[in-house]
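Working notes, structure below.
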Amino acid sequence: MKFLIFIPPNDFRDESLSTIKMFFDRWNVSYQVTSYSNKECNGMHGATCMPDINANRIDPSGYDGIMFVDGAGVDSYKLQDFRPLLDMIMKFNGSKKYIGAVGNSQKVLAKANIIKGRKMAVPEDAEVKKVVQLFHGIPTDKNMEIDDNLITVKSSGALEESLNPILEHLGVK
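According to my numbering, numbering within the sequence shown proceeds without interruption in unit steps and concludes at 929.
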């Protein structure tokens with residue numbers, strides 16, 4: 757199994773990225789970190805990460821899924837309005853690849869228009885809830901939701917407890 761982990765060029769949530777990488781490493785899930793930057797990306801709390809591949813060069817056929825990391829960079833870079841990213845998400849969805857999002861990165865999935873009628877573990881953030889409802893997603897109070905190929909986690913705090921069930925669902929644990 758091979759996944760992409762998408763991070764904003766700056767201000768990604770360090771703990772979300774490190775938790776996802778730790779669980780993927782533990783269960784031998786191959787992954788590459790990607791972003792729309794060729795330079796080192798900086799986390800909200802000082803972590804740095806050099807992307808393995810630029811998101812412009814991604815072909816979904818080479819991956820089983822993609823996970824989106826949350827953080828202030830999602831908003832400051834307006835990732836939910838970046839058409840090439842939305843098109844990539846639609847390609848992943850059209851190929852029935854897994855698409856996961858943590859916290860505020862869920863609004864990127866909503867704007868890609870792939871959430872209609874799907875349950876989502878939406879964070880407390882009013883803007884994210886509004887966008888999810890606008891695009892006809894179904895917000896729940898759960899910490900994690902899996903609806904077909906869509907995987908959502910409410911927050912970075914809920915990520916660690918959610919990853920074991922997610923990996924079981926993916927068939928790698």
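Backbone N, C-alpha and C fix where the C-beta goes; we use that ideal spot for every residue, glycine too.
Per-residue DSSP class, three states only, for residue i
{"i": "K758", "result": "strand"}
{"i": "V884", "result": "helix"}
{"i": "E901", "result": "strand"}
{"i": "V785", "result": "coil"}
{"i": "V864", "result": "helix"}
{"i": "A857", "result": "strand"}
{"i": "N920", "result": "helix"}
{"i": "K875", "result": "strand"}
{"i": "M844", "result": "helix"}
6 Å CB neighbourhood of residue i in its chain, flanking five on each side removed
{"i": "K777", "result": "none"}
{"i": "V928", "result": "M757, W783 and V785"}
{"i": "K872", "result": "H892"}
{"i": "G799", "result": "F768 and D770"}
Reference residue i; option with closest CA among the options
{"i": "P825", "options": "N812, R769 and Q836", "result": "With the sequence shown as reference, residue 825 is identified as Val, and Pro is not the correct amino acid for it. Answer by Cα proximity: R769."}
{"i": "T804", "options": "Y792, L773 and K885", "result": "L773"}
{"i": "D808", "options": "S817, G821, I814 and Q788", "result": "Q788"}
{"i": "V858", "options": "N869, G873, F838 and I902", "result": "I902"}
{"i": "A868", "options": "F848, E883 and F779", "result": "F848"}
{"i": "I922", "options": "E771, E883 and G821", "result": "G821"}
{"i": "I855", "options": "N810, M900, T908 and G818", "result": "T908"}
{"i": "K758", "options": "N784, E771, D767 and T775", "result": "N784"}
{"i": "Y819", "options": "K795, T790 and G829", "result": "T790"}
{"i": "D767", "options": "D781, N794, N812 and D831", "result": "D831"}
{"i": "R813", "options": "G799, M806, C797 and P840", "result": "P840"}
Residue i to residue j span [Cα, whole Å]
{"i": "G893", "j": "M876", "result": "7 Å"}
{"i": "D843", "j": "I763", "result": "17 Å"}
{"i": "D904", "j": "P765", "result": "29 Å"}
Spatial neighbours of residue i in its chain, beta-carbon cut-off 8 Å, leaving aside the 5 residues before and after
{"i": "V878", "result": "Q862, V884, K885, V888, G893, P895, T896, T908 and K910"}
Contact between the segment 881-897 and the segment 912-925 (3+ Cβ pairs under 8 Å): Segments in contact, no.
Inter-stretch contact at 8 Å, needing at least 3 Cβ pairs: the segment 853-869 / the segment 816-835: Between the segment 853-869 and the segment 816-835, the count of Cβ pairs shorter than 8 Å is three or higher; the stretches touch.
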